[in-house]
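Visitor: Using this note's numbering, you'd call the opening residue of the sequence shown number 6 and step up by one each time. Backbone N, C-alpha and C define an ideal beta-carbon position, used for all residues, glycine too.
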Amino acid sequence: MRFVKYYFLFLFGLTVLGSCKKEDALNVDDVSGLGGDTWVKTPLDQWLYDSLVVPYNIATKYKWDQFELELNKDLVPPDESKVIPVMSTVERVWINPYVLQGGVEFFKKYCPKLFVLVGSASFNLDGSITLGTAEGGRKIVLYELNDFKNKTMPGYVPADSAIPKQMFHVIHHEFGHILDQNIRRPVEFDAVCKGLYTADWINTNDYAARQDGFVTAYAESSPFEDFVEMISIMLIEGRSGFDNIVNSITGTSSRGTTADEAKARLRQKESLVVDYYKKAWSIDFYTLQTRVRTAIINEIY
């Protein structure tokens, strides 16, 4: 069975590899490459600059730099032909809806400032796949770009919609974390499923998690992740899609939760998310949801 795992890493440490005394003489005459790699600017670089750097101060790194990634993983660079399709889709599905609802200054203040693009998936020892990582609200790494197809690309079929939706999930999940870190989610949210969170979430699935009132299996890992999983799933699935998730719950969970109890928990969390966006950010969540879902439908169907 193929599991998907989203890692959101917050890095606060610094590894010291060497030291020198203040009075030591440093001979750098023979050290090369201190200026970094150089290359001729291409139309792709110009597009990224004009479309993302100038309006939002978001940089995109697509040329290979292993030190931006996990050193113990076998990864491949992205196909450069996928960069503009991916990042223009990111713009339409994530940036534009938030700018239209919250304003450009709001978005520029809180958005991550660096995207790092990788061609392949990142496979983990536990059998899961990392589709995206994020570091402290500053950087998002997107994997599996070489499998990305939107409806304008050769070979596209509707089944390929899973790849872009996973990408949108990662981005909206991480941006939800940034908002939560700046203005904390309502304390009532953490109490809805109190006592049901588990580190063993990877050994369940979305269907079983929903029987206990979680929108995904990963939401079971902590209230912190539960909140942003609710945001992400509600946005990318749209209001009717979320309603379908809730209405599909049947039976009693292995923990004894009835279907009515599970549905009530999800509806309570939905209400708290909507209220949070209104009070904390003056954003109408349902209008934002409609904008995001409309953009996704236009991208993948």
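Is F128 helix, strand or coil when you go by DSSP?
Guide: The count along the sequence shown starts at 1 and reaches residue 128 at position 123. Shown here, F128 sits in a strand according to DSSP, grouped into three states.
Visitor: What is the rounded straight-line gap between the Cα of F13 and the Cα of G137?
Guide: Here residue 13 refers to the residue found at position 8 when the sequence shown is read from its first residue. Here residue 137 refers to the residue found at position 132 when the sequence shown is read from its first residue. With a pLDDT of 42 at F13, under the threshold of 50, the modelled position of this residue cannot be trusted, and the question is left open.
Visitor: Which stretch, first to last residue, makes up the beta strand (DSSP E) that contains L122?
Guide: Residue 122 sits at position 117 when you count from the first residue of the sequence shown. Run containing L122: 119 to 122, per the beta strand (DSSP E) assignment.
Visitor: Between the Cα of Y103 and the Cα atoms of D289, A214, I305, which residue gives the shortest distance?
Guide: What you label residue 103 is simply residue 98 of the sequence shown in a count that begins at 1. That would be D289, whose Cα lies nearest to the Cα of Y103.
Visitor: Check whether the Cβ atoms of D211 and A196 lie closer than 8 Å to each other.
Guide: Translated into the one-based positions of the sequence shown, residue 211 becomes position 206. Translated into the one-based positions of the sequence shown, residue 196 becomes position 191. Against a cut-off of 8 Å, the Cβ pair of A196 and D211 comes out as no contact.
Visitor: State the DSSP-derived secondary structure class of A139, mapped to helix, strand or coil.
Guide: Walking along the sequence shown from the start, residue 139 turns up at place 134. It is a strand residue.
Visitor: Just to confirm, are Y148 and A167 a CB contact at a threshold of 8 Å?
Guide: Position 143 of the sequence shown, counted from the start, is the residue given in the question as residue 148. Position 162 of the sequence shown, counted from the start, is the residue given in the question as residue 167. For Y148 and A167, no; Cβs fall outside 8 Å.
Visitor: Kindly provide the ranges of any beta strand (DSSP E) runs that are 3 or more residues long and lie completely inside the segment 48 to 114, ordered along the chain.
Guide: 64 to 66
Visitor: Any contact of the segment 90 to 100 with the segment 277 to 287, i.e. 3+ C-beta pairs under 8 Å?
Guide: no
Visitor: Which stretch, first to last residue, makes up the alpha helix (DSSP H) that contains L293?
Guide: Residue numbering aside, residue 293 sits at position 288 when the sequence shown is read from its first letter. Run containing L293: 290 to 305, per the alpha helix (DSSP H) assignment.
Visitor: Can you grab the Cα-Cα spacing for the pair I145 / I176, in whole Å?
Guide: Here the question's residue 145 lines up with position 140 in the sequence shown. Here the question's residue 176 lines up with position 171 in the sequence shown. Answer to the nearest angstrom: the Cα atoms are 8 Å apart.
Visitor: I145 lies in the beta strand (DSSP E); which residues open and close that run?
Guide: Taking the sequence shown and counting its residues from 1, the one referred to as residue 145 is at position 140. For I145, the enclosing beta strand (DSSP E) starts and ends at 144 to 147.
Visitor: Compare the C-alpha of R189 against each of N208, Y282, T209 and name the closest.
Guide: As a working mapping, residue 189 is identified with position 184 in the sequence shown. When only C-alpha atoms are compared, the closest one is Y282.
Visitor: Rounded to whole angstroms, what's the CA-CA distance from I302 to T94? Just pull it up for me.
Guide: Taking the sequence shown and counting its residues from 1, one reaches residue 302 at position 297. Taking the sequence shown and counting its residues from 1, one reaches residue 94 at position 89. Rounded to whole angstroms, I302 to T94 spans 11 Å at the Cα level.
Visitor: Identify the continuous alpha helix (DSSP H) that holds N208 and give its terminal residues.
Guide: For this step, residue 208 is matched to residue 203 along the sequence shown. Element bounds for N208: n/a, residue is neither H nor E.
Visitor: Given this structure, state the Cα-to-Cα distance separating F180 from Q186, to the nearest angstrom.
Guide: For the purposes of this step, residue 180 is taken as the residue at position 175 of the sequence shown. For the purposes of this step, residue 186 is taken as the residue at position 181 of the sequence shown. For F180 and Q186, the gap between their C-alpha atoms comes out near 10 Å.
Visitor: Taking all protein chains shown into account, decide if Q171 is buried (16 or more other Cβ within 10 angstroms of its Cβ) or exposed.
Guide: Counted from its first residue, the sequence shown places residue 171 at position 166. Classification for Q171: buried.
Visitor: If you pair each beta-carbon of the segment 198 to 210 with each one of the segment 240 to 248, do three or more pairs fall below 8 Å?
Guide: no
Visitor: If I follow the unbroken alpha helix (DSSP H) through F173, where does it start and stop?
Guide: Your numbering for residue 173 matches position 168 in the sequence shown. Start and end: 167 to 187.
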